[in-house]
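Beneath this line is the structure, given in structure tokens, with notes to follow.
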Amino acid sequence: MIHLYTGDGKGKTTAAIGLCVRALGRGKRVVFAQFMKSSDTGELNVLKELKNVRIMRSDKQFGFYNTLTDEEKKELKDIHNRILDEAFEDVTGGVCDLLVLDEVTYPLNWELLDRKRLEKIIVFAKEEPQKLELVMTGRNPDKMLEDSADYLTRMECVKHPYEKGVSAREGIEY
118 MIHLYTGDGK
128 GKTTAAIGLC
138 VRALGRGKRV
148 VFAQFMKSSD
158 TGELNVLKEL
168 KNVRIMRSDK
178 QFGFYNTLTD
188 EEKKELKDIH
198 NRILDEAFED
208 VTGGVCDLLV
218 LDEVTYPLNW
228 ELLDRKRLEK
238 IIVFAKEEPQ
248 KLELVMTGRN
258 PDKMLEDSAD
268 YLTRMECVKH
278 PYEKGVSARE
288 GIEY
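To convert, take the position in the sequence shown, counting from 1, and add 117; that gives this note's numbering.
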């Protein structure tokens, strides 16, 4: 099945990590691919310690999209496409039961990944549902992502401490 966790509320990545933990607890093999993020996060520190999980993300920090040069955008697109290619190899090679594409909506919307590569993974998940559980996260998903989802969860922000000037807190937001 295909899951899409979206919306303006907190919890999209947190829900995906929770599903990773649940799957790992049942002996499933997990690939956690993260887009547009490269900073240190608490959840990845724990996932790295578990067996049967592979983490894929950029080693280089790029900053916010609106600050990127054309050269940096091309470099980031190459990194994202490599991640998609490696994830597809794991999926079709039978070494991945659960694939998380965390924050994938942003590079899709900003053309920082090849749409066809992403569609290839989605088609595989649709055609081989017994072989792959696919989770995608991020705000403002493309219609293709919404249409492909079996589970579509919208996180709604009703109230958030950021509105009162509280910055992201280690161990809670990252």
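Beta carbons are placed, not taken as given, at the ideal position from N, Cα and C, and that holds for glycine.
This one's a predicted model, so the numbers in the text were calculated from it and none came from an experiment.
Cβ neighbours of glutamate 189 within its own chain (closer than 7 Å, five residues either side excluded): Phe179.
A distance of 9 Å or more separates the beta carbons of leucine 121 and methionine 272. Bridge pairing for phenylalanine 152: absent [DSSP]. If you compare the alpha carbons of Ser155, Lys243, Trp227 and Met153 with that of threonine 209, the shortest gap goes to Lys243. Taking a C-beta distance under 9 Å as the contact criterion, leucine 251 and leucine 230 do not qualify as a contact pair.
Between arginine 146 and leucine 215, the C-beta spacing is below 9 Å.
For aspartate 125 against cysteine 274, the beta-carbon gap comes to about 5 Å, under 8 Å, which counts as contact.
Membership of valine 283 in any beta strand (DSSP E) is not indicated, and neither H nor E is assigned to it by DSSP. In the three-state DSSP reduction, leucine 167 falls in the coil class, being neither helix nor strand. Going by C-alpha positions, arginine 171 is about 10 Å away from alanine 204. For glycine 124, the enclosing beta strand (DSSP E) stretches over residues 119-124.
Within its own chain, the residues whose Cβ lies closer than 7 Å to the Cβ of valine 212, once the five positions on either side in sequence are excluded, are Arg146, listed in chain order.
Tyrosine 268: not part of any alpha helix (DSSP H); member of the beta strand (DSSP E) spanning 268-272, first to last residue. Note that the C-beta distance between lysine 127 and histidine 277 is below 9 Å.
Approximately 6 Å separates the beta-carbon atoms of cysteine 137 and phenylalanine 149; this is inside 8 Å, confirming the contact.
By the Cβ neighbour-count rule, leucine 249 is buried, with 16 or more other Cβ atoms within 10 Å of its own. In this structure, the beta-carbon distance from leucine 161 to leucine 141 does not fall below 9 Å. Excluding its 5 nearest sequence neighbours in each direction, asparagine 257 has C-beta neighbours in its own chain below 7 Å: Thr222 and Asn226, listed in chain order.
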